[in-house]
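Okay, so the sequence shown: first residue is 70 according to this note's numbering, each after it adds one. Note that CB positions come from ideal geometry on N, CA and C, so glycine has one too. Worksheet: the structure to be examined is printed underneath.
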Amino acid sequence: MKVLEVTNGTTLEKRGQILRVAYAKASWTLDQELLNRAVLQMLLLRLHHLLNRCSSLDLALANIDGTR
70 MKVLEVTNGT TLEKRGQILR VAYAKASWTL DQELLNRAVL QMLLLRLHHL
120 LNRCSSLDLA LANIDGTR
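As structure tokens, then:
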């Protein structure tokens, strides 16, 4: 997916193809694989935090009742 931000410029098209964009601010390509990696990393990080919280809670309960 190609994204092109335009500030205050003109776009010339011929048969659906962009010939020129004046004053282009940024042009970048969104890589689906990179996006998938970012989502996976976010999910793994959330899982890591959840497991740490569960472990901390278990340890706190063990300290309270002295049975674990």
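Between L114 and I133, the alpha-carbon positions lie close to 29 Å from each other. Rounded to whole angstroms, the gap between the alpha carbons of R106 and L116 is 15 Å. CA-to-CA, the gap between R122 and A131 works out to about 14 Å.
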